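If you're matching them up, the sequences are chains A and B in order.
Each residue of the first sequence is one higher than the one before, starting from 1 at the first, in the numbering used here.
Each residue of the second sequence is one higher than the one before, starting from 162 at the first, in the numbering used here.
The structure appears right after this line, and notes come after that.
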Amino acid sequence: MSEGDQGEICRLKGILNGSAPRREDLVPLLQEIQRSLGYISRQAMIRVAEYLAIPPSEVYSVVSFYNQFRRQPLGKNHLQVCQGTACYLQGGGLIGESFARELEIGIGETTKDGLFSLDEVACLGCCNVAPVVKADGEIYPRMTSGKVEEVLINLKNKGEN
Amino acid sequence: MTPQPYGEDGYRKLKKQSLLTFKEKWQGDFPKIFVGTATCGISVGALEVFEAFTKELASHGIKGEIIKVGCLGICFAEPLVYIKKDDNPTICYQNLKKEDVPRLVYSYLLEDDPCFDLALGTLELKDGIPFIPELERFEREERIILRQAGYLDPEDIRDYLACGGYEGLERALSLTGGEIIEELRISGLRGLGGAGFPTGVKWEECVRANGSTKYLICNGDEGDPGAFMDRVILESSPHQVIEGMAIAAYAIGAARGYVYIRSEYPLAIERFSQALAQAREAGLLGRDILGRGFDFDLRVFPGAGAFICGESTALMYSIEGRRPMPRVRPPHSVLEGLFRLPTLLNNVKTFSCIPPIILKGGDWFSRIGTESSKGTTVFALAGKVKQAGLAEVAMGTTFREVIYNIGGGIKNDRALKAIQVGGPSGGCIPAGFVDTPVDFDSLKALGSMVGSGGLIVLDEDTCMVDLARYFVAFSQSESCGKCTFCRIGTNHLLFLLEEIARGQAAPEDIAVLEELSHNIALGSLCGLGQTAPNPVLTTLRYFRDEYLAHINEKRCPALVCKELVSYYIEPELCRRSCEHCVLKCPTRAIGADERNIKVINQAECVGCGICLDVCPPEYRAVRKVSPKIKGI
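Below, the structure is given as structure tokens:
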């Protein structure tokens, strides 16, 4: 067992330690696991199932249903291209395509070097400065395809400094 | 704040205490600076502006109060700050940058120049500052639900109490459940979550349901990708929702409640949780509320990102930790809901209407709105409108007033093409109906619905086929998969729309689209499937010629559908020495001819639009054409 696995188990034990687990805790527990580990691993799903005394398949059916839950770890920089109505109408689709082309990955994928993950999201609530992209918690307002390269270079430089 | 125990006049004491601190904070003899800090403001730098004010006031030694408030709904002007100084009218400053703050503090707070160039308008009309007009939108709006959004510090319960908060609860606790429901029935309030079911009737049914344990749920799973009013309410005035829920809990006899907020709204969850803690501490939630022997408590349940959870039965399964797939109704959730017990579920906006109805009476509320739809509705104005934001208007207000008087008209003064109301469940209404008074029934007659209240303004640059495709793609990916017609039907609907957008459809496909749409609506259990075809049906009804242009002429009239559009460089307009497009083209599709005029190699072009974007505005040499240019 690798060190990473052991760390994960340790953190899972810390989260799954209540005295009277209830089924209705499932979604909040999964959210906490994702906050702590960055994603929900196969192992985490099995542990949660044991903890709540329900079949692992039921945990999986919930994890796979929601958009929030990831079953793979994220890249270092998480890019979220808003495809809410206001952003889409003002070119959000082209911006998503430009990121995918520049990074040579599809939507929902992570680059091989683990630097970037690319997602599309439905409305970040910044319709007034549409179209927007969110990268590591920061909003890039009034995006255009032309600015895509610049955003990526900035993020790369930020990582190196 | 000192908590209970309450005597008979417990509420009065609580309010008196709050008024004291409130007056100190808001009505002292020094300038007050209010900074809008809802998500919309923060995303464009409101917190930096707040910091800058703190720094500037300190460096000049000015005594003043800087208060973080919620959102006034004037989103286009964020970061938004309003300043009250002396007896001047409150002046609203728009799009403030932290660099503007030193000048504003110096000129207006130290001197007396209000910096007209930064001002948007005044919040009230007074003589003295003639050059800043009062904001027209506030004259047109009728604010009940958003009555306090942007005027209060959402993180301080005393602000809400001092402005009459929880007085509705206090009044309600002296009435019987039956009297409260009668007041609601008189008011004519209909559920503002979209469907418009009479609220009083729903409550009544829940009261009649068997069982001593009942649940209360507030639906804040605002999933429509163009609506954000529930977020603004939860972030700007959380206590009005708590108060409305407490009144409802008392009326139906519920002891526990949930507020379901989508996890994409972290600030709303944070502020609402904080508000809950403060309400508990003040004795307005928990055991023996206001000393009247009524117990009720609430908890926040953060959603995990599924549009279907806006459907009531799915939302309840979600709380239970089950896969949220809607179930057959009946039994309705008022009889058999959360944990199979009677459950009352209303929307954030509906609960927000309860306190004022209890205080001012059902009669007062029923005088606002139209014959069949009482009260107000909140629109999230977005798209090609000049002044995007929230607008709360009386039912029966026309689209024209909402778009032109409140929203300031169409961007770049272009022509209005259509209005999309209600997001993925709604429909597109053509510009010809701009004078229609909006209410539940008039929209239904036009093939749309109030739904989420998202109102997207569309101009000539919007392709109706593309828009229908966008919404169907959303519904398709959010379909839970339970009903065959919704699961497979929306998938095929999307496929057909993509074929049309690519110019690869046949004329008979339109009939298939229509038939499939009707079948999906008929063959689906819940609102998602029943309304998912609305965007297709309304665009087919009002903009059929656009579908035909795509199919017959392989042409996208709005120049949107990528597969039918080419980028073209006008040789006469191209500046020979300029290389912007050549350098930026990601596929190196742009070359130069012998005169150094740029030419796009259509076979290499991927249609990203960067050349159009970077061509300097003084040349404007790149343009889009449809149908596609062949060859080269």
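Positions of the beta carbon are idealized from the N, C-alpha and C atoms, including for glycine.
Quantities reported herein were computed from a predicted structural model and do not represent experimental measurements.
Legend entry - Distance between residue 777(B) and residue 120(A) (C-alpha atoms, nearest Å): Roughly 30 Å separates the two Cα atoms.
Inset, instruction - Given a cut-off of 9 Å, decide if residue 183(B) and residue 332(B) are closer than it, judged by their beta-carbon atoms. - result: Result no, Cβ atoms of residue 332(B) and residue 183(B) do not sit closer than 9 Å.
Inset, instruction - Taking the CB atoms as reference points, tell me whether residue 348(B) and residue 361(B) lie closer together than 9 Å. - result: yes
Inset, instruction - Decide yes or no for the touch test of the region 145–161 of chain A against the region 274–284 of chain B: beta carbon pairs closer than 8 Å, at least 3 of them. - result: no
Inset, instruction - Enumerate in chain order the residues of its own chain whose CB-to-CB distance from residue 270(B) is below 6 Å, with the five nearest sequence positions on each side excluded. - result: 192 and 223
Inset, instruction - Starting from the Cα of residue 788(B), find the closest Cα among 752(B), 710(B) and 734(B) and give me that residue. - result: 710(B)
Inset, instruction - Report buried or exposed for residue 10(A), applying the criterion of at least 16 other Cβ atoms within 10 angstroms of its Cβ. - result: exposed
Legend entry - Beta-carbon separation (whole angstroms), residue 423(B) vs residue 372(B), contact threshold 8 Å: Residue 423(B) to residue 372(B), Cβ: 29 Å. No contact.
Inset, instruction - Starting from the N-terminal side, write out each stretch of the beta strand (DSSP E) that is 3 residues or longer and does not extend beyond the region 88–128 of chain A. - result: For the region 88–128 of chain A, whole beta strand (DSSP E) runs of length 3 or above, ordered along the chain, are 116–121.
Legend entry - The alpha helix (DSSP H) enclosing residue 156(A), as first and last residue numbers: 148–160
Inset, instruction - Give a yes or no on whether the minimum CB-CB distance between residue 617(B) and chain A is below 9 Å. - result: yes
Legend entry - Contiguous beta strand (DSSP E) assignments of at least 3 residues, all confined to the region 651–736 of chain B: 727–730
Inset, instruction - Determine the extent of the beta strand (DSSP E) in which residue 262(B) is found, giving its start and end residues. - result: Counting along the chain, residue 262(B) falls outside any beta strand (DSSP E), though it belongs to the alpha helix (DSSP H) covering 262–265.
Inset, instruction - Determine the DSSP secondary structure at residue 28(A), reduced to helix, strand or coil. - result: helix
Legend entry - Nearest candidate by alpha-carbon position, reference residue 368(B), set 584(B), 469(B), 341(B) and 784(B): 341(B)
Legend entry - Identity of the residues DSSP links to residue 620(B) by a beta bridge: Paired residues: 577(B).
Legend entry - The alpha helix (DSSP H) enclosing residue 774(B), as first and last residue numbers: 771–775
Inset, instruction - Tell me, please, whether the region 740–749 of chain B touches the region 762–778 of chain B by the rule of three or more beta-carbon pairs shorter than 8 Å. - result: yes
Inset, instruction - Indicate whether at least one CB of chain A lies closer than 9 Å to the CB of residue 205(B). - result: yes
Legend entry - Exposed unless 16 or more other CB atoms sit within 10 angstroms - verdict on residue 501(B): Looking at its Cβ environment, which holds fewer than 16 other Cβ atoms inside 10 Å, residue 501(B) is exposed.
Inset, instruction - Measure the alpha-carbon distance for residue 65(A) versus residue 48(A) and round it to whole angstroms. - result: 16 Å
Inset, instruction - Please check if any C-beta of chain B sits within less than 9 Å of the C-beta of residue 12(A). - result: no
Inset, instruction - For residue 290(B), I'd like the list of residues in its chain whose CB is within less than 8 Å of its CB, leaving aside the five on either flank, ordered along the chain. - result: Residue placement at residue 290(B) is poorly supported in this model, since its pLDDT is 49, which falls under 50; the coordinates still yield a value, given next. If we look at residue 290(B) and ignore the five residues flanking it on each side, its Cβ neighbours are 249, 250, 252, 275 and 283.
Inset, instruction - Measure from the alpha carbon of residue 297(B) to the alpha carbon of each residue in 565(B), 406(B), 425(B) and 267(B), then state which is nearest. - result: For the set 565(B), 406(B), 425(B) and 267(B), the Cα lying nearest the Cα of residue 297(B) is the one of 565(B).
Inset, instruction - Would you be able to state if there are at least three C-beta pairs under 8 Å between the region 477–490 of chain B and the region 350–364 of chain B? - result: no
Legend entry - Segment contact flag, the region 80–96 of chain A with the region 113–129 of chain A, C-beta cutoff 8 Å, min 3 pairs: In short, these stretches touch, since the Cβ pair count reaches three.
Inset, instruction - Would you mind reading off the limits of the beta strand (DSSP E) that contains residue 80(A)? - result: Secondary structure note for residue 80(A): its beta strand (DSSP E) is the uninterrupted segment 77–82.
Legend entry - Segments of 3+ residues assigned as beta strand (DSSP E) that fall wholly inside the region 513–565 of chain B: 537–544 and 550–555
Inset, instruction - Could you name the residues of chain B that residue 80(A) contacts, counting a contact when the two beta carbons are closer than 9 Å? - result: Per Cβ cutoff of 9 Å: no residues; residue 80(A) is ~10 Å from chain B at best.
Legend entry - Continuous beta strand (DSSP E) stretch holding residue 462(B): start and end: 458–463
Inset, instruction - Measure the Cβ-Cβ separation of residue 300(B) and residue 520(B) and say whether it is below 9 Å. - result: no
Legend entry - Residues in the region 388–401 of chain B having any Cβ partner in chain A nearer than 7 Å: Against chain A - using a Cβ distance shorter than 7 Å - the residues of the region 388–401 of chain B are 389 and 392.
Inset, instruction - May I ask you to report which of helix, strand or coil DSSP gives residue 48(A)? - result: helix
Inset, instruction - Throw me the rounded Cβ distance for the residue 537(B) and residue 555(B) pair, which I believe falls under 8 Å. - result: A Cβ-Cβ distance of about 5 Å is found for the pair residue 537(B) and residue 555(B), placing them in contact under the 8 Å criterion.
Legend entry - Residue(s) in a DSSP beta bridge with residue 380(B): 421(B) and 508(B)
Legend entry - Contacting residues, own chain, Cβ-Cβ under 7 Å from residue 429(B) (five flanking each side not counted): Excluding positions up to five away in sequence, the list reads 392, 395, 396 and 422.
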